[in-house]
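Notes follow the structure.
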Amino acid sequence: MDEASIDTGWATGLGGGARRHTAAGAAAAQGSAHARKGQAMAINEEKLNAFMGRFVQDLGAVMHAATVVVGDELGLYKALAEKPMSADALAEKTGTDARYLREWLSAQAASGYVDYDPAADCFSLNEEQAFALAQEASPAFIPGAFQIAVAQFKAIPKMLDIFRNGRGLGWHEHDPALFRGTERFFRPGYAAHLVPEWIPALEGMEARLQAGASVADVGCGHGASTLIMAQAYPASRFHGFDYHEPSIRYAREAAQRAGVADRVSFDVATAKDFDGGAYDLVAVFDCLHDMGDPAGAAAHVWQALRPDGAWMIVEPFANDRLEDNLTPIGRVFYSASTFICTPASRSQEVGLCLGAQAGEARMRAVVEGGGFTRFRRAAETPFNLIYEARP
Ligand SMILES: C[S@@+](CC[C@H](N)C(=O)[O-])C[C@H]1O[C@@H](n2cnc3c(N)ncnc32)[C@H](O)[C@@H]1O
């Protein structure tokens, strides 16, 4: 076995099979400080190549993410959805630079986000691409997710600090791209599932909302879920609460635009001090795990509900065990949780740090800790778990 050196892998075209590679060789080849002296490492070339192939996919995705944000903000996808166009035509239509557009379109074609017709030198969005990239109201609209990624990158300097000092980082301390991106990414899922599936999954709740009920949406952010419910149940009244003042301001304006401001209110409050009370339904969408004291929040929700009321808890989909969350969706959630959810919880009192992949067993413990006697999984999608808790 040659322990002195190894070609560093995929780029130089290793043959098949495993090679043995000394720590000194690894350190020299890769500048790594982690190799342990004198210890042999078995490098399986097939596994290395597979890993590097995955890396190329990942790097492409990361670089592509920035181009999606630019395309979304400049209205490029929406313009291209209208008809197939050359780069020059799209540039003219959107008031952008033709050379930059050609490069952007080429990048989109390489990522499968637009189609390219070489014969006509034209670019287009097929039905599915348009549905996901150009139709803001579609249940598959995805550009908001990339805005969240922008906020994560902007948070890197703060992350370096908090990883070292263990402090929290509040939701409000992130770049505003997070607030708008979250709303735009989550709204399509709520629009698709909340009224047709999640509310009917709660015992007797649909009929109560149709007849006229009082609802609190706690940690409502920009109020996407609040407004969807308000539009579906015109006889009911809705109260959105969030501790983040800029989000509440945005939500109030959105309620005006939606024409429901006469029966929808938005106020700055935390999950432990929001008022009103004797609610038929309290809902929390993707925020209980972000709170420092979710059991304290549960206790306050318990007090704010009518005895026959329900608490709907919408959380990211998660299994109880880490090893069962090592999936493509779990990957997204764990990354977001590292940068956003866990530091947000740490920044508040108690700082429980449930994380976005808490799972049903931990959620049950938190909810029962707040005084609720009944807790069940009422519905689920690949992205969300919906629990119903009763006093
Ligand atoms: C991931 S966002 C979800 C926003 C909204 N529910 C949605 O689904 O679009 C989490 C929200 O929880 C809010 N939040 C975090 N801790 C809170 C607390 N203790 N009380 C009230 N709101 C809180 C944040 O300000 C943020 O708007």
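Heads up, the sequence shown is in our numbering, so the first residue is 2 and it goes up one at a time.
We put the CB at the ideal spot given by N, CA and C, even for glycine.
Predicted, not measured: the structure shown is a model, and the values here were computed from it.
**Report entry** Cα-Cα separation, Ile229 to Leu386
**Finding:** As a first step, residue 229 must be located in the sequence shown, where it is residue number 228. As a first step, residue 386 must be located in the sequence shown, where it is residue number 385. Approximately 19 Å, taken between the alpha carbons.
Query - Own chain partners of Ala1 with C-beta closer than 8 Å, once the 5 adjacent residues on each side are dropped - result: The chain is shown only over 2 to 392; residue 1 falls outside these bounds and no answer can be derived.
Query raised in the report: Should the segment 132-140 be called in touch with the segment 307-325, which here means at least 3 C-beta pairs below 8 Å?
Result: In this structure the segment 132-140 does not lie against the segment 307-325, because fewer than three pairs of beta carbons, one per stretch, are closer than 8 Å.
Requested in this report: Can you give me the start and stop residues for the beta strand (DSSP E) that Val269 sits inside?
Outcome: As a first step, residue 269 is located in the sequence shown; it is residue number 268 there, counting from the start. The continuous beta strand (DSSP E) containing Val269 extends over residues 265-269.
Query raised in the report: When the Cα of Gly145 is compared with those of Gly360, Gly190, Ile330, which residue comes out closest?
Result: Numbered from 1 along the sequence shown, position 144 holds the residue referred to as residue 145. Checked all of Gly360, Gly190, Ile330; the closest Cα to Gly145 is Gly190.
**Report entry** CB-CB length for Ile330 against Pro383, believed under 8 Å
**Finding:** Within the sequence shown, residue 330 is the residue found at index 329, counting from 1. Within the sequence shown, residue 383 is the residue found at index 382, counting from 1. Right, the Cβ-Cβ distance comes to about 6 Å (below 8 Å), so this counts as a contact.
**Report entry** Opposing strand residues paired with Pro317 [DSSP bridges]
**Finding:** Numbered from 1 along the sequence shown, position 316 holds the residue referred to as residue 317. DSSP, once it has assigned bridges, lists Asn385 as partnering Pro317.
Requested in this report: Would you kindly work out how many angstroms separate the C-alpha atoms of Pro119 and Arg363, rounded to a whole number?
Outcome: Within the sequence shown, the letter at position 118 stands for residue 119. Within the sequence shown, the letter at position 362 stands for residue 363. The alpha-carbon atoms of Pro119 and Arg363 are separated by roughly 54 Å.
Query raised in the report: Is Ala152 near ligand 1, in the sense that its beta carbon is under 6 Å from a heavy atom of that ligand?
Result: What you label residue 152 is simply residue 151 of the sequence shown in a count that begins at 1. Not so, every heavy atom of ligand 1 lies at least 6 Å from the Cβ.
Query raised in the report: Is Arg240 near Gly278, with beta carbons less than 7 Å apart?
Result: The residue you call residue 240 lines up with position 239 of the sequence shown. The residue you call residue 278 lines up with position 277 of the sequence shown. Contrary to the premise, residue 240 reads as His rather than Arg in this sequence. No, they are not a contact pair.
Query - Contact set for Phe334: own chain, Cβ-Cβ below 6 Å, skip 5 residues either direction - result: For the purposes of this step, residue 334 is identified with residue 333 of the sequence shown, where counting begins at 1. Excluding the 5 residues flanking it on each side, Phe334 has same chain C-beta neighbours closer than 6 Å at Pro317, Ala357, Gln358, in chain order.
Query raised in the report: Which residue's Cα is closest to the Cα of Arg365: Tyr114, Gly293, Ala299?
Result: Within the sequence shown, the letter at position 364 stands for residue 365. That would be Ala299, whose Cα lies nearest to the Cα of Arg365.
Query raised in the report: Just curious, the alpha helix (DSSP H) that His194 is in, first and last residue?
Result: For the purposes of this step, residue 194 is identified with residue 193 of the sequence shown, where counting begins at 1. Residues 178-194.
Query raised in the report: If you drop the 5 nearest sequence neighbours on each side, which residues of the same chain put their C-beta closer than 7 Å to that of Leu353?
Result: Residue 353 sits at position 352 when you count from the first residue of the sequence shown. So the qualifying residues of the chain are Gly293, Asp294, Pro295, Ser346.
Requested in this report: Say yes only if the C-beta of Gly277 is nearer than 6 Å to one or more non-hydrogen atoms of ligand 1, and no if none qualify.
Outcome: Within the sequence shown, residue 277 is the residue found at index 276, counting from 1. For ligand 1, no non-hydrogen atom lies closer than 6 Å to the CB of Gly277.
Query raised in the report: Would Asp263 pass as a contact of Phe242 if the rule is Cβ separation under 7 Å?
Result: Start at 1 with the first residue of the sequence shown, and residue 263 comes out as number 262. Start at 1 with the first residue of the sequence shown, and residue 242 comes out as number 241. No, Cβ-Cβ distance for Asp263 and Phe242 is not below 7 Å.
Query - Three-state class that DSSP yields for Ala379 in the structure shown - result: The count along the sequence shown starts at 1 and reaches residue 379 at position 378. Of the three classes helix, strand and coil, the one that applies to Ala379 here is strand, per DSSP.
Requested in this report: Quick one: grab the DSSP three-state call for Asp98.
Outcome: Against the sequence shown, residue 98 aligns to sequence position 97. Coil.
Report task. Would you identify the three-state DSSP class for Met160, choosing helix, strand or coil? Result -> The count along the sequence shown starts at 1 and reaches residue 160 at position 159. Reduced to three states, the DSSP call for Met160 is helix.
Report task. Under 8 Å Cβ to Cβ from Val71, same chain only, skipping five residues before and after it: list those, please. Result -> As a working note, residue 71 is residue 70 in the sequence shown. Around Val71: Leu77, Trp105.
Query raised in the report: Roughly how many whole angstroms lie between the Cα atoms of Ala108 and Leu170?
Result: Within the sequence shown, the letter at position 107 stands for residue 108. Within the sequence shown, the letter at position 169 stands for residue 170. Roughly 34 Å separates the two Cα atoms.
Query - Sequence-distant residues of the same chain with beta carbon closer than 6 Å to Val351, five excluded per side - result: Position 350 of the sequence shown, counting from 1, holds the residue named residue 351. Only Gly293, Asp294 meet the Cβ criterion.
Query raised in the report: Would you say Tyr244 touches ligand 1, meaning its beta carbon is less than 6 Å from a heavy atom?
Result: Along the sequence shown, one-based indexing puts residue 244 at 243. Yes, the Cβ of Tyr244 comes within 6 Å of a heavy atom of ligand 1.
Query raised in the report: Around the C-beta of Ala212, are 16 or more other C-beta atoms found within 10 angstroms, so that it is buried, or is it exposed?
Result: Numbered from 1 along the sequence shown, position 211 holds the residue referred to as residue 212. Ala212 should be labelled exposed.
Query raised in the report: Using the C-alpha atoms, what's the distance from Ala311 back to Pro235?
Result: In the sequence shown, residue 235 corresponds to position 234, counting from 1. In the sequence shown, residue 311 corresponds to position 310, counting from 1. Distance between the alpha carbons of Pro235 and Ala311: 19 Å.
Report task. With a 10 Å radius around its C-beta and 16 neighbouring C-beta atoms as the bar for buried, classify Ala19 as buried or exposed. Result -> Here the question's residue 19 lines up with position 18 in the sequence shown. Here Ala19 scores only 47 on pLDDT, less than 50, and its place in the model is too uncertain to base an answer on.
Report task. Closer than 8 Å by C-beta to Glu174: which residues in its own chain qualify, once you throw out the five before and the five after it? Chain order, please. Result -> The residue labelled residue 174 in the question sits at position 173 within the sequence shown. Here the set comprises Lys159, Ser348.
Query raised in the report: In chain order, what residues of the same chain have a beta carbon less than 7 Å from the beta carbon of Arg253, not counting five sequence neighbours either side?
Result: The count along the sequence shown starts at 1 and reaches residue 253 at position 252. Taken in chain order, the residues that qualify are Phe267.
Query - Residue nearest to Val302 in terms of C-alpha spacing, selected from Ala319, Asn320, Asn45, Tyr280 - result: Here residue 302 is taken as the residue at index 301 of the sequence shown, counted from 1. Ranking the options by Cα distance to Val302, first place goes to Tyr280.
Report task. Under 6 Å Cβ to Cβ from Asp73, same chain only, skipping five residues before and after it: list those, please. Result -> Taking the sequence shown and counting its residues from 1, one reaches residue 73 at position 72. Excluding five sequence positions before and after Asp73, the CB atoms of its chain that fall closer than 6 Å to its own CB belong to Pro144, given in chain order.
**Report entry** Exposed unless 16 or more other CB atoms sit within 10 angstroms - verdict on Arg209
**Finding:** Locating residue 209 in the sequence shown gives position 208, where the first residue counts as 1. By the Cβ-count criterion, Arg209 is buried, with 16 or more other Cβ atoms from all chains shown falling within 10 Å of its own Cβ.
Query - Three-state secondary structure assigned by DSSP to Gly241 - result: The residue you call residue 241 lines up with position 240 of the sequence shown. Three-state DSSP puts Gly241 in a strand.
Query raised in the report: If Ala135 and Lys48 are in contact, beta carbons under 8 Å, what's the gap, nearest whole angstrom?
Result: Within the sequence shown, numbered from 1, the residue matching residue 135 stands at position 134. Within the sequence shown, numbered from 1, the residue matching residue 48 stands at position 47. Rounded to the nearest angstrom, the Cβ distance from Ala135 to Lys48 is 40 Å, too far for a contact under 8 Å.
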